[in-house]
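Written below as structure tokens is the structure these notes are about.
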Amino acid sequence: MSPDALTGGCLCGAVRFELTEPPAIAGYCHCTRCQRRTGTSSSAQALVDRGALTIVQGEQLVQGWCHPDGGMEKCFCRSCGAHLFSRAPDGGARMTVRLSAFDADPGVRPSFRAFVADAASWEPIPDDGLERFEEARAG
Ligand SMILES: [Zn+2]
Ligand SMILES: [Zn+2]
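Numbered by the numbering used here, the letters in the sequence shown go through residues 140 to 278 in order.
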């Protein structure tokens with residue numbers, strides 16, 4: 140493990156990863172897919188460069204799933220079901236890591252809310268002043 144690496148993993152501990160660069164940006168995603176996969180109203184996640192993340196243990200348990208209509212590949216532990224990260228299905232650099240997967244404070248704080256047009260009817264979006272995007276975060 141690199142000395143400054145941020146570490147994380149799944150609920151059962153079989154999958155472990157490390158991040159060699161601290162994430163610079165994080166946000167909440169309120170999209171319907173994130174609601175369904177998490178069982179909550181939104182998903183807190185950090186945007187990272189794919190090259191900065193290494194799966195150090197349990198890669199064979201990392202299951203990816205892509206919606207038939209496209210979008211990021213959502214990756215979770217096949218053993219415990221914990222959500223870990225999402226990545227561009229074409230192998231591109233875009234990746235997000237679920238903030239819940241980090242062992243310790245990843246440093247970054249969510250600064251925006253995306254897909255608020257799809258926000259859950261049963262939980263108001265907090266009036267926290269974070270930048271909001273109707274759909275995907277612009278820029
Ligand atoms: Zn697991
Ligand atoms: Zn989402």
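Note that the Cβ used here is the ideal one computed from N, Cα and C, for glycine as well.
In this text, all values refer to a predicted model and were calculated from it rather than measured experimentally.
Can residue i be considered in contact with ligand 1, in the sense that its beta carbon sits closer than 7 Å to one or more heavy atoms?
i: residue 205; result: no
i: residue 239; result: no
i: residue 258; result: no
i: residue 195; result: no
i: residue 201; result: no
Tell me whether residue i is buried or exposed, calling it buried when 16 or more other Cβ atoms sit within 10 Å of its Cβ.
i: residue 216; result: buried
i: residue 171; result: exposed
i: residue 169; result: buried
i: residue 206; result: exposed
i: residue 162; result: buried
i: residue 277; result: exposed
Just to confirm, does residue i get its C-beta within under 7 Å of one of the non-hydrogen atoms of ligand 2?
i: residue 251; result: no
i: residue 216; result: no
i: residue 271; result: no
i: residue 180; result: no
i: residue 254; result: yes
Residue i: which of the options sits nearest, CA to CA?
i: residue 213; options: 236, 246, 191, 169; result: 236
i: residue 173; options: 271, 259, 266, 232; result: 259
i: residue 150; options: 197, 144, 220, 164; result: 220
i: residue 234; options: 193, 175, 152; result: 193
i: residue 210; options: 143, 144, 274, 145; result: 274
i: residue 160; options: 175, 246, 198, 167; result: 246
Would you mind giving the Cβ-Cβ distance between residue i and residue j, rounded to the nearest angstrom? I have them listed as a contact below 8 Å.
i: residue 238; j: residue 144; result: With a Cβ gap of about 16 Å, residue 238 and residue 144 do not count as contacting.
Counting pairs of beta carbons, one from the segment 222–230 and one from the segment 243–255, are three or more of them closer than 8 Å?
-> no
Mind the definition here: the segment 180–188 touches the segment 201–208 only if three or more C-beta pairs lie below 8 Å; say whether that holds.
-> no
Does the segment 168–183 come within contact of the segment 151–159, defined as at least 3 CB pairs closer than 8 Å?
-> Output reads no: the segment 151–159 does not touch the segment 168–183.
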